[in-house]
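Structure, as structure tokens:
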Amino acid sequence: MYVPGAVLALCLPCFLSGNVFGYEYGEDYSDSYYNEISNGELQTGAKQIQCPPQDLSRWDKLFIMLEDYQMKQDMFLQQNEDMVKAEMNSIRRELHKLNNNNNVCVQASENTCKCVSEQMNRSLNQAMDQLREAADMYQAQNNETLQQLIQYSRNQATRLTKLESSSLLGAGLGQVAMKSFSTYPKEQEASNADGGKLEKALMATVADLQRIQAQLALFQRATAHRFLPSGCEMALLFPMRSKHIFAEVTPSMSMSLQSLTICLWAKVTQSLNKTVLFSYGTKKNPQELQLVLARHSVLLTVGGETHLVEAQSVVTDGQWGHFCGAWSSEQGLATLWVNGENVAKVPGVAEGHVLPSNGFIILGQERSRSGIYRDLDSSVAFTGKMTGVNMWDHMLEAGRIKEYANQDGYCDSRGNVIGWGVSEIIPHGGAQYIN
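Residues -22 to -1, 1 to 413 in mature numbering (1 follows the signal peptide of the UniProt record, and there is no 0) are what the sequence shown spells out, letter by letter.
Put into structure tokens, the structure is as follows:
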């Protein structure tokens, strides 16, 4: 099996050296001649011819060169492989270091953020405590000043009563002295001197009472500015009339209602032709349910502006007012209440109508036709203060509405659809909570 290959290996150098069967590449074949070697001799000579030793040594050198080249190539590849492995190990170590450094940086950043957050929380808590202490101190000072003013007023009233009694007594004595003037001239002079003293005392008392009255009026104005009705501790402030200032309400249950009652306290800075207090709108009807002011009137609309009830001359700018609107789909009965008094009652308002769900409730503004906040109308925006916003899924009784309208009452009665202090009411723009 390997004989032809061996023969070929032996003969191949001979072919390459140009000396096969006695022929040289360098011979001249230009002249034709007769080859006298017979076929038998040729065959015999072919069997006896062997490659020169120097040709075999050349092949050995060639194979040695090939082996050297192969070895060098293997060494070069091994060296490259070792270099690649070394570089990969170096890269892995660097990546590991970077990963460790990254973890350390992340941990340090988290610790720093945590420390900053704790410091901010402590600062905020300290600021809130200081504000509470200042508010309590201010309230205590106001109460103490008020008590002093009340006590001083009582003392002055007592002094005034005594002075009036003395004045009447002095007047009687003066009349007696006039009658006996010719008899007792010295007593008359003494009586006139006493009357002058009484007059001076009365003038001083009047001046003191006027000063006390001015102080009381100033204190009442300051108290009224911070006053929130019905014992509510916070209110929504709408500082200006703007399409960006409103409050969005998330109800506690579905707005698919057949009856309802809306109640709230409002102190409007200025009421225009349409000033929105409460608005519920859907994509189909942006003015589905509204409680609005119009100059000195208040209106409740259900299912659109064509179904409404109105009460006139019941709104005063700059004063707190309690406004309630109630409606039932069964008979279409709609009522309006202002400060606990029933000021309007109209049947047949949206009779048989059911409020659609999936709408939006807005305080101080109404939903636009496009449904986009930037398209709101600033002319209908509310400006002022609002508190005690509640909504029920039924019509309240008259006694409960009167109870909720008491300014000296409590702000702990909450509706089951919207409850003040419980439901989510988010101010937007410049609207904010105050207390």
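Note that CB positions come from ideal geometry on N, CA and C, so glycine has one too.
Throw me the rounded Cβ distance for the residue i and residue j pair, which I believe falls under 8 Å.
{"i": "SER257", "j": "GLN268", "result": "5 Å"}
{"i": "CYS241", "j": "TYR382", "result": "6 Å"}
{"i": "ALA359", "j": "GLN343", "result": "5 Å"}
{"i": "VAL324", "j": "ALA312", "result": "5 Å"}
{"i": "residue 422", "j": "VAL246", "result": "Shown here, the chain extends from -22 to 413; a query on residue 422 therefore has no answer."}
{"i": "THR361", "j": "PHE216", "result": "5 Å"}
{"i": "ASN413", "j": "MET212", "result": "5 Å"}
{"i": "THR183", "j": "GLN134", "result": "6 Å"}
{"i": "GLY366", "j": "CYS210", "result": "5 Å"}
{"i": "HIS372", "j": "VAL327", "result": "Actually they do not touch by this definition, with Cβ atoms about 16 Å apart."}
{"i": "residue 417", "j": "GLY303", "result": "Summary: the structure shown does not reach residue 417, with the chain confined to residues -22 through 413, and so no result is reported for it."}
{"i": "LEU187", "j": "SER357", "result": "About 48 Å; that fails the 8 Å criterion."}
Looking only at C-alpha atoms, which of the options sits nearest to residue i?
{"i": "ARG345", "options": "LEU242, GLU59, LEU206, ILE223", "result": "ILE223"}
{"i": "SER335", "options": "LEU206, ASN133, THR228", "result": "THR228"}
{"i": "LEU314", "options": "LEU341, HIS331, LYS380", "result": "LYS380"}
{"i": "GLU283", "options": "GLU59, ASP295, TYR411, VAL254", "result": "VAL254"}
{"i": "PRO207", "options": "GLN85, TRP298, HIS274", "result": "TRP298"}
{"i": "GLY337", "options": "SER131, ARG273, SER234", "result": "SER234"}
{"i": "ASN263", "options": "VAL332, VAL246, GLU319", "result": "VAL332"}
{"i": "GLY387", "options": "TRP243, LEU102, CYS93, GLU111", "result": "TRP243"}
{"i": "MET364", "options": "ALA112, THR260, TRP398", "result": "TRP398"}
{"i": "VAL287", "options": "VAL293, SER275, THR294", "result": "SER275"}
{"i": "GLY393", "options": "GLN85, THR239, VAL82", "result": "THR239"}
{"i": "PHE301", "options": "GLN97, LEU127, ASN368", "result": "ASN368"}
{"i": "ASN320", "options": "LEU76, GLN290, ASN78", "result": "GLN290"}
{"i": "SER230", "options": "VAL94, ALA105, ILE396, ILE339", "result": "ILE396"}
{"i": "ARG189", "options": "SER356, LEU127, ALA328", "result": "LEU127"}
{"i": "THR260", "options": "LYS252, ASN121, ASP107, VAL280", "result": "VAL280"}
{"i": "GLU226", "options": "GLN191, TYR351, LYS63", "result": "TYR351"}
What are the boundary residues of the beta strand (DSSP E) that residue i is part of?
{"i": "GLY299", "result": "299 to 306"}
{"i": "ALA359", "result": "ALA359 -> no beta strand (DSSP E), and no H or E assigned at all."}
{"i": "residue 414", "result": "The structure shown does not extend to residue 414, since the chain is modelled only from -22 through 413, so no value can be given for it."}
{"i": "ASN320", "result": "319 to 324"}
{"i": "TRP398", "result": "TRP398 -> no beta strand (DSSP E), and no H or E assigned at all."}
{"i": "LEU314", "result": "311 to 316"}
{"i": "SER275", "result": "275 to 280"}
{"i": "GLU288", "result": "286 to 289"}
{"i": "ALA409", "result": "Element bounds for ALA409: n/a, residue is neither H nor E."}
{"i": "GLN268", "result": "267 to 272"}
{"i": "LEU341", "result": "338 to 341"}
Could you please give the first and the last residue of the uninterrupted alpha helix (DSSP H) stretch that includes residue i?
{"i": "GLY377", "result": "376 to 382"}
Within the present structure, is the beta-carbon of residue i separated from the nearest heavy atom of the ligand MN by less than 7 Å?
{"i": "ARG110", "result": "The ligand MN is absent from the structure shown, which contains no ligands of any kind."}
Quick one: complete beta strand (DSSP E) runs, 3+ long, within the segment 199 to 251?
213 to 216, 224 to 228, 237 to 246
Touch test, the segment 213 to 223 against the segment 302 to 314, Cβ-Cβ under 8 Å, three pairs minimum
no
Cβ contact check for the segment 366 to 380 and the segment 171 to 186: 3 or more pairs under 8 Å:
no
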